[in-house]
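Reading through the structure tokens given below for one structure.
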Amino acid sequence: MRHCIEVPSAREYAAHLRTAELRVTRPRATVLEAVHTHPHADTKTIYRAVRAVLPEVSRQTVYDVLQALSDAGLVRRIQPAGTAVRYEARVGDNHHHFVCRTCGVIADVDCAVGAAPCLTAPGDRGFVVEEAEVTYWGSCRDCSATQVSRSGLRSKSDSPTPGRKDRRVQE
1 MRHCIEVPSA
11 REYAAHLRTA
21 ELRVTRPRAT
31 VLEAVHTHPH
41 ADTKTIYRAV
51 RAVLPEVSRQ
61 TVYDVLQALS
71 DAGLVRRIQP
81 AGTAVRYEAR
91 VGDNHHHFVC
101 RTCGVIADVD
111 CAVGAAPCLT
121 APGDRGFVVE
131 EAEVTYWGSC
141 RDCSATQVSR
151 SGLRSKSDSP
161 TPGRKDRRVQ
171 E
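First residue of the sequence shown: 1, per UniProt numbering; consecutive thereafter.
The structure is reproduced here in structure tokens:
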């Protein structure tokens with residue numbers, strides 16, 4: 001289910017910024033590189049990666065750049081329920097996410113249909129669906145193996161996400 005993202009060169013980052021009609025700056029190029037290098041990273045991870053290259057950059061600058069890159073469609077902002085905001089460089093396709101309830105790792109899942117919105121809402125109620133976000137929750141391979149080796153077979157109730165609330169849409 002993993003989707004490889006090729007990390008572009010510095011020249012390609014500049015070209016992406018220009019294509020999006022954004023001025024090319026070191027902070028923008030460095031944040032874009034950090035998002036490519038750290039898929040599904042939270043802002044803290046991206047900030048640390050940027051500071052390793054540009055020690056003078058402020059946290060606010062990183063937040064502002066992430067917002068500009070998201071608005072321009074160069075990165076995608078995701079926030080699975082009960083988790084921190086994350087950013088990914090895989091944009092322009094129709095994919096979803098798997099989130100491990102134990103360790104929090106996020107993996108891309110290709111859409112079975114392949115074209116947006118991927119799902120059809122029952123009784124559209126006058127809405128025009130452009131996109132559907134699907135989040136699969138469970139245990140990743142490593143956490144599943146650890147849980148099975150510790151206790152033999154486990155039940156579904158053995159690994160709830162701490163603090164995760166059931167968020168159902170009510171009409």
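Don't be surprised by glycine CBs; every beta carbon is placed ideally from N, CA and C.
Which of the three DSSP states is assigned to residue i in this structure?
{"i": "ALA20", "result": "coil"}
{"i": "ASP110", "result": "strand"}
{"i": "CYS100", "result": "strand"}
{"i": "THR135", "result": "strand"}
{"i": "ALA41", "result": "strand"}
{"i": "ARG48", "result": "helix"}
{"i": "GLU33", "result": "helix"}
{"i": "residue 172", "result": "Lying before the first or after the last residue shown, residue 172 is absent from the chain, which here runs from 1 to 171."}
{"i": "ARG77", "result": "strand"}
{"i": "ARG28", "result": "helix"}
{"i": "ARG86", "result": "strand"}
Our contact map puts residue i next to residue j with C-beta atoms below 8 Å; I'd like the distance itself, whole angstroms only.
{"i": "HIS75", "j": "TYR87", "result": "Per the sequence presented here, residue 75 reads as Val, with His not at that position. 5 Å between Cβ atoms; contact."}
Is it right to say residue i is buried, meaning 16 or more other beta carbons lie within 10 angstroms of its own, or is it exposed?
{"i": "SER139", "result": "buried"}
{"i": "TYR13", "result": "buried"}
{"i": "ALA112", "result": "exposed"}
{"i": "ALA89", "result": "buried"}
{"i": "ALA41", "result": "buried"}
When you compare the CB positions of residue i and residue j, do they come within less than 8 Å of one another, or not?
{"i": "ALA121", "j": "VAL129", "result": "yes"}
{"i": "ARG101", "j": "VAL65", "result": "no"}
{"i": "ALA84", "j": "LEU22", "result": "no"}
{"i": "PRO80", "j": "HIS36", "result": "no"}
Can you list, in chain order, the residues of its chain whose CB lies under 7 Å from that of residue i, leaving out five sequence neighbours each side?
{"i": "HIS38", "result": "THR45, ILE46, ALA49"}
{"i": "VAL109", "result": "MET1, HIS95, HIS96, HIS97, PHE98, TYR136"}
{"i": "VAL24", "result": "ALA14, LEU17, ARG18"}
{"i": "ALA10", "result": "ALA29"}
{"i": "ILE78", "result": "ARG86, GLU88, HIS97"}
{"i": "GLU56", "result": "none"}
{"i": "ARG59", "result": "TYR47"}
Between which residues of its own chain and residue i is the CB-CB distance below 8 Å, once the five residues before and five after are set aside?
{"i": "VAL62", "result": "PRO27, VAL31, THR43, ILE46, TYR47, VAL50"}
{"i": "ALA15", "result": "none"}
{"i": "VAL91", "result": "GLY73, LEU74, VAL75, ARG76"}
{"i": "CYS103", "result": "CYS140, ASP142, CYS143"}
{"i": "PHE127", "result": "ALA121"}
{"i": "SER70", "result": "ARG76, ARG77, TYR87"}
{"i": "ALA145", "result": "none"}
Ordered along the chain, which non-local residues of its own chain (more than five positions away) have a Cβ less than 6 Å from that of residue i?
{"i": "ALA34", "result": "ILE46, ALA49, VAL50"}
{"i": "LEU119", "result": "ALA132"}
{"i": "ALA20", "result": "ALA72, LEU74"}
{"i": "residue 227", "result": "Outside the modelled stretch of the chain, which goes from 1 to 171, sits residue 227, for which no answer is possible."}
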